[in-house]
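In full-length UniProt numbering, the protein residues as written are 1 to 797.
For each residue, glycine too, the CB sits at the ideal point set by N, CA and C.
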């Protein structure tokens, strides 16, 4: 069957007349010739918007990176290294998963779930080959702050039968905390997915390395305070909100006399064993194919000892308790909790992504492959979102596990799949065996693993030597994270870091450039002694772009560097012009009166009378590049004018000017002489310019022009020129002839316009080098013509 075209409502024929010789009215007035245009005759789509098979394939592979690398996977080359690496990382997942679950205030089995599902999801969507996705101390303590805030122990107190005593319903409390953690994780994952889809992967760049390291260091302090109670066997309340760390630490210190000695003994022995074993492990790691699983050995030994000695029953040492075998069924998160955990979820999303992408890019740079930041954001978000449905809490990459995965020979994401299989076997078959594991051992594992984060305090010394601003960012981040909660501390840290960027751009370094003899280079005259000032030209340079925050400072710096206080000069010029006009009017009136008197005696013109009564003085023109006023004394007398008594460039009204003229006395104005005829604004550092800066530039051109100083721009990027055009900067008085590609081009134009040339400087070093080369040539070949050429070249140079 024939496809009947579907017609739009009548549209106007905007096409020109097909016969150019027929000048019809409809060609110029489309409304007189309406014509329906069928849908099938519209302009074809541009190539970039067409759906083709190769484009579809690239899109699918971009969303599922596993489809790209898995078909190319070589079992012979990568199979065994990935297997060994995966087993090593999987063994580390077990103790860390259960230990970090304590920081999240969740049962240890949920730490195992968190080590399983997100790693499986990342296998399909991740682009980094070496990071290990799972539990991490910083995110665990952040989740713990949420669960403790929304599900404190006091909300689950129940009365004991037949007594007035109360106890905590641990089952109900843990169940609700799992819901809170899952809801926070799902929401944080959705935030990451949305940010990744809108290509917002660059958000991690706003978290500088000093900020992230200070934040993780402060979070480690929160983690230490959180596990102190487990190490000493104390029953304490974990506070939330501002100063929660201080309140928790005060309560722990107040209860130290109640320390449970058997628990303290288990903690002490565990920490001594872990520290000693890790030191030995690091000392002999070069001789071992894989590192010794110290933490796994620790929890296995502690579980066996606890089972045979009945530490829980005989010494009341707290143990892990029941660990269900098998996998938990997926559950929908409680959406009603989203509004209460929105801020925490956003903080988890940003911090988790920043840690993961920094590790991923580090390994990618080392091994020569690329990590897609936007795809990593999506992969991490899906890992959290899917994991939240299986009662996992927020995940990111772990430094310790990622280093193990890379150092043991891991090549691809298949190592993460192998580690997930180890965790899966443990959850299905071996989970109940760890029911007698003392919680003090898990607390000791957390405490010892935080040793690396506490080494980051050495950053203070390094930053003190390298960058004071980064040091301030580090200290502010650390203090704000300690005093406030983790989410509030992150917000305060990012805000302060952004303020430092604004501060740096608002107060850039301004300098006057000079010419390097024998080159086309122009450098700062204050820091380079070899540069020479170009006569009559001031080349003004700013180290940052010009925008609304520093436009006024740019103007003030230009006036200071050029030595021309334009506001006072314009006031003086207009004052002198006004005085001259008044003199002319008085002379004209006197001439008319004199002409009337002379009418009876003879012919006397008004022009002659005016010339007779004309008073000398006024604003004199430029003579040999110098502006002079013979009625004034010195330029230094102008300092008597206060800055607040002068008008702003380009913004003085008639009323303001009249008021300022009343304040200015002729005797306070000195003799003005300056040899500047041109100012070149070096805008090579500007990558954008806003409307405020455009107005400031327009005022600079106008006001300097009033004192016969021509202003030029050099080094403008094309985007800046386009913004100048859109802002209406160019006009009949300010044309694009004022723009130059380089500073040197602008200098040559200024000198040519003034009828001068670039001063030549004899470069002795260059001349001696050239002369030496030609002398060697003469010695070898005996060519005396070369000697003549060398002399001519040196002289011309």
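Just to confirm the assignment, what range does the alpha helix (DSSP H) spanning residue 68 have? 66-69
Using CA coordinates, which residue listed in 433, 735 and 197 is at the minimum distance from residue 378? 197
Pick from 697, 732, 383 and 683 that is closest to residue 718, judged by C-alpha positions: 683
Alpha carbon to alpha carbon, what distance is there between residue 80 and residue 396? 26 Å
Taking a contact to mean a Cβ-Cβ separation below 8 Å, would you say residue 95 touches residue 101 in this structure? no
My understanding is that residue 404 touches residue 74, with C-beta atoms under 8 Å, so please give their C-beta distance in whole angstroms. Their Cβ separation, rounded to whole angstroms, is 23 Å, which puts residue 404 and residue 74 out of contact at 8 Å.
Tell me the residue span of the alpha helix (DSSP H) that contains residue 441. 439-449
According to the Cβ coordinates, are residue 104 and residue 333 closer than 8 Å? no
Residue 315 - containing beta strand (DSSP E), residue span: First-last for residue 315: 311-315, but that is the alpha helix (DSSP H), not the beta strand (DSSP E).
Exposed or buried, which one is residue 478 when buried takes at least 16 other CB atoms within 10 Å? buried
By the three-class DSSP mapping on this structure, what secondary structure does residue 211 have? helix
Exposure label - residue 288; buried when at least 16 CB within 10 Å: exposed
Run of the alpha helix (DSSP H) containing residue 538, from where it starts to where it stops: That residue, residue 538, is in no alpha helix (DSSP H); its beta strand (DSSP E) goes 537-542.
Check residue 239 in the structure and name its three-state DSSP category. coil
By the 10 Å Cβ neighbour count, where 16 or more other Cβ atoms means buried, how is residue 470 classified, buried or exposed? buried
Rounded straight-line distance, which links the Cα of residue 564 to that of residue 510: 16 Å
State the Cα-Cα distance for the pair residue 382 and residue 736, rounded to the nearest angstrom. 52 Å
On a Cα-Cα basis, can you pick out the residue from 146, 746, 468 and 692 that is closest to residue 487? 146
Pick from 277, 121, 475 and 210 that is closest to residue 66, judged by C-alpha positions: 121
Should residue 172 go down as buried or exposed, given a rule of 16 or more other Cβ atoms within 10 Å for buried? exposed
My parser needs the beta strand (DSSP E) runs of 3 or more residues fully inside the segment 693-767; what are they? 710-714
Identity of the residue in 124, 237, 311 and 238 nearest residue 439 by Cα: 311
Residue 112, buried or exposed, once every other Cβ within 10 Å from all chains shown has been counted against 16: buried
Taking all protein chains shown into account, decide if residue 253 is buried (16 or more other Cβ within 10 angstroms of its Cβ) or exposed. exposed
Should residue 750 be labelled buried (16 or more other beta-carbon atoms within 10 Å of its own) or exposed? buried
From which residue to which residue does the alpha helix (DSSP H) around residue 167 run? Where residue 167 is concerned, there is no enclosing alpha helix (DSSP H), although the beta strand (DSSP E) it sits in stretches over 166-168.
Unbroken alpha helix (DSSP H) run spanning residue 365, endpoints: 338-367
Would you say the segment 569-588 touches the segment 702-720, given that touching needs at least three Cβ pairs under 8 Å? yes
Using the C-alpha atoms, what's the distance from residue 340 back to residue 800? With the chain covering 1 to 797 only, the question about residue 800 has no answer from this structure.
Nearest-angstrom Cα distance between residue 373 and residue 206? 14 Å
Go ahead and pull the three-state DSSP assignment for residue 284. coil
Would you tell me roughly how many angstroms separate the C-alpha atoms of residue 230 and residue 116, rounded to the nearest one? 26 Å
With distances taken Cα to Cα, identify the nearest neighbour of residue 733 among 699, 752 and 755. 699
In angstroms, rounded to a whole number, what distance separates the CA positions of residue 598 and residue 591? 10 Å
Between the alpha carbons of residue 622 and residue 536, how many angstroms are there, rounded? Bear in mind that a pLDDT of 38 at residue 622, under 50, signals an unreliable position, so the number given afterwards is only what the model happens to contain. Whole-angstrom Cα-Cα distance: 13 Å.
Using the Cα positions of residue 202 and residue 525, report the straight-line distance between them to the nearest angstrom. 38 Å
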